[in-house]
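In what follows, a single structure is set out as structure tokens and then discussed.
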Amino acid sequence: MGIAVSKKHGKATKRNRIKRLIRVAFANTCPNLLKPYSVIIIPKVAEEYSVKNFEKGLLSCIKKVNECTKS
């Protein structure tokens, strides 16, 4: 998994916090993947970041990926 957080998100401490939140969210949602994949995550700029929001986005992406692999 690769995470790219641009300077648009703020200073280094804020960018590092975003990366930590994404890592936790990915670890929680990763078991839902049916096959191993290489993943690059680029978050959108938002007012507030939380693990719950990242998990929600990752779950929707994983659902779409799993549907494509079943076909």
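Taking the numbering used here, the leading residue of the sequence shown gets 9, the next gets one more, and so forth.
The beta carbon of each residue, even a glycine, is placed where N, CA and C say it ideally should be.
Nothing here was measured: the structure is a model prediction, and the numbers come from that model.
Cβ neighbour criterion (16 or more within 10 Å) applied to residue i
i	result
Y45	exposed
I33	According to the sequence displayed, residue 33 carries Ala and not Ile. So A33 counts as buried.
Cβ shell of residue i (< 7 Å), same chain only, five flanking positions each side left out
i	result
I50	A12
6 Å CB neighbourhood of residue i in its chain, flanking five on each side removed
i	result
G10	I48
Closest Cα partner of residue i within the set the options
i	options	result
V73	L41, T21 and F34	L41
R28	K71, K60, C69 and P39	K60
K16	T77, C69, V53 and Y57	V53
F62	K43, K78, T37 and C76	T37
Start and end residues, alpha helix (DSSP H) containing residue i
i	result
S68	V59 to K78
A33	A20 to T37
8 Å CB neighbourhood of residue i in its chain, flanking five on each side removed
i	result
S22	According to the sequence provided, residue 22 is Lys. The question's Ser does not apply to it. Once the five neighbours on either side are set aside, K22 has no close Cβ partner at all.
A67	Note on identity: in this sequence residue 67 is Leu, with Ala being the wrong assignment. So the qualifying residues of the chain are T37 and N40.
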